[in-house]
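Read in order, the letters of the sequence shown are residues 5 to 119 in my numbering. Heads up, the thing below is written out as structure tokens.
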Amino acid sequence: MLPGLEERTRIRQEAERDLTELLEPWRAKYPGVIVRENLHEGRAAHVLARVADGAGLLVVGRRRRRAAVGSHTGPVAHALLHHVRRPVALVPHDRHGSGPHGPSDPGQAGESCSR
Numbered sequence: 005m006l007p008g009l010e011e012r013t014r015i016r017q018e019a020e021r022d023l024t025e026l027l028e029p030w031r032a033k034y035p036g037v038i039v040r041e042n043l044h045e046g047r048a049a050h051v052l053a054r055v056a057d058g059a060g061l062l063v064v065g066r067r068r069r070r071a072a073v074g075s076h077t078g079p080v081a082h083a084l085l086h087h088v089r090r091p092v093a094l095v096p097h098d099r100h101g102s103g104p105h106g107p108s109d110p111g112q113a114g115e116s117c118s119r
């Protein structure tokens, strides 16, 4: 059962607040970088492929996998690498690392793939 309009509006407003809070430390650390906040509903790979049109580079995070065998990219990153007609950078991060001083700091990423 899908939530009603009132519930969807509340969820969207909460998501907008969460996104602003999440990006604030990054804005403070990199004040010269222009950041646009956009929320979209839908499957991640479909939405990202659609909004990447016109971008110079699509940067996508991916969790680090510790397993020695198997794919090291998830289904979203895999789909984007194959379907987006723009350069794609995959930035690995630890699942619990966040913020400009944690393990997922973009200055410490050290790994990327591009097309």
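Don't be surprised by glycine CBs; every beta carbon is placed ideally from N, CA and C.
Taking residue i as part of the alpha helix (DSSP H), name the residues at either end of that continuous run.
i          : result
residue 80 : 79-87
Taking the alpha carbon of residue i as the reference point, which residue from the options has its own alpha carbon closest?
i          : options        : result
residue 47 : 23, 83, 60, 14 : 83
residue 98 : 25, 69, 9      : 69
residue 76 : 96, 90, 34     : 96
residue 80 : 32, 61, 51     : 51
Please go through the same chain and pick out, in chain order, the residues whose beta-carbon is closer than 8 Å to the beta-carbon of residue i, but skip the five residues on each side of it.
i          : result
residue 53 : 83, 84, 87, 88
residue 43 : 16, 19, 20, 23
Taking DSSP as the reference, what is the three-state secondary structure of residue i?
i          : result
residue 7  : coil
residue 93 : strand
residue 52 : helix
residue 47 : coil
What does a CB cutoff of less than 6 Å around residue i pick up in its chain, not counting 5 residues either side in sequence?
i          : result
residue 41 : 23
Are residue i and residue j touching if we call contact CB-CB under 9 Å?
i          : j          : result
residue 56 : residue 90 : yes
If I follow the unbroken beta strand (DSSP E) through residue i, where does it start and stop?
i          : result
residue 40 : Careful: residue 40 lies outside any beta strand (DSSP E) and carries neither H nor E.
residue 67 : 62-67
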